[in-house]
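Peer 1:
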Amino acid sequence: ECQGQDRGQLINAITRIYDHGLTTEASAVKFLLTSRPYEHIRREISRKLQSGMASIHLQGDCGPVANEIVEEIKLVVESRIDEAADFFSLEPDERQLMKERLDSVPNRTYLWITLVFDGLMDKKSSITKRDIMDLTKTLPQGVYDAYEKILNKSLDREQSTRLLHLVLGAKRPLSLSEMSV
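Structure follows, in structure tokens:
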């Protein structure tokens, strides 16, 4: 997750190691790059990889792997719907409404599942059709919405923001003792 300019700097830094012969067989450095399936990212990486760096591209955005992931997420959602329906003793029509509303969200991820169902189960009492409708109206629609929802759960927003700034501004990963300070 990075901006275009930062992504370009990262790719340049990695390929520069290979372009300048800074690696040898004895000290081979390996990088694992992952990204969202955006064509401009693929092109940028492919262009830089002309430098002779070996690469393997594992594509999970379409084809059999992507279809397996989508089916697996569908199974997890169905299981969590059943769990919630049993927990709240939902009527068949309420269960069906929940299924229809959650199935209508595109690009569901495991993070999305966690946010939706953890928020639902936090109610700890009963839910109605209205609650189901309200919940599904406010579902995160993308990765930024999902992260924003996570940050909004913080009991101390100011402290969380300060901590996030420290982590983002650090020149290196911070140790646990540094984070606790």
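With our numbering, the residue at position 14 of the sequence shown is 113, and numbering never jumps. Every residue gets a Cβ at the ideal spot worked out from N, C-alpha and C, and that includes glycine.
1) If distances are taken between C-alpha atoms only, which option among Arg200, Lys248, Leu210, Pro272 comes closest to Asp233?
2) Have a look at Ala125 and Arg115 and give me their C-alpha separation to the nearest angstrom.
3) Alpha carbon to alpha carbon, what distance is there between Ser279 and Pro239?
4) I need the straight-line Cα distance from Glu171 to Glu190, nearest angstrom please.
5) For Thr237, name the three-state secondary structure that DSSP assigns.
6) Kindly indicate which residue of Glu177, Ser253, Lys147 has the alpha-carbon position closest to the one of Tyr209.
7) My output table needs one value for Ala125: the three-state DSSP class, helix, strand or coil.
8) Please identify the residue among Thr133, His139, Glu138, Arg146 whose C-alpha is closest to the C-alpha of Asn111.
Peer 2: Per the coordinate set shown:
1) As a working note, residue 233 is residue 134 in the sequence shown. Closest option to Asp233, Cα to Cα, is Arg200.
2) By one-based count along the sequence shown, residue 125 stands at place 26. By one-based count along the sequence shown, residue 115 stands at place 16. Reliability of the predicted coordinates at Ala125 is poor, the pLDDT of 47 falling under 50, and the value obtained from them is presented with this limitation in mind. Straight-line Cα distance between these residues: approximately 18 Å.
3) Translated into the one-based positions of the sequence shown, residue 239 becomes position 140. Translated into the one-based positions of the sequence shown, residue 279 becomes position 180. Here the alpha carbons of Ser279 and Pro239 stand approximately 30 Å from one another.
4) The sequence position of residue 171 within the sequence shown is 72, counting from 1. The sequence position of residue 190 within the sequence shown is 91, counting from 1. Their backbone Cα atoms lie some 26 Å apart in a straight line.
5) Numbered from its first residue, the sequence shown carries residue 237 at position 138. Three-state DSSP puts Thr237 in coil, outside helix and strand.
6) As a working mapping, residue 209 is identified with position 110 in the sequence shown. The shortest Cα separation from Tyr209 among Glu177, Ser253, Lys147 belongs to Glu177.
7) Stepping through the sequence shown from its first residue, residue 125 is reached at position 26. Because the pLDDT at Ala125 is just 47, under 50, the model does not fix this residue reliably, and the value given afterwards should be weighed accordingly. In the structure shown, Ala125 falls within a coil segment according to DSSP collapsed to helix, strand and coil.
8) As a first step, residue 111 must be located in the sequence shown, where it is residue number 12. Taking each of Thr133, His139, Glu138, Arg146 in turn and checking the Cα distance to Asn111, the smallest one comes out for Arg146.
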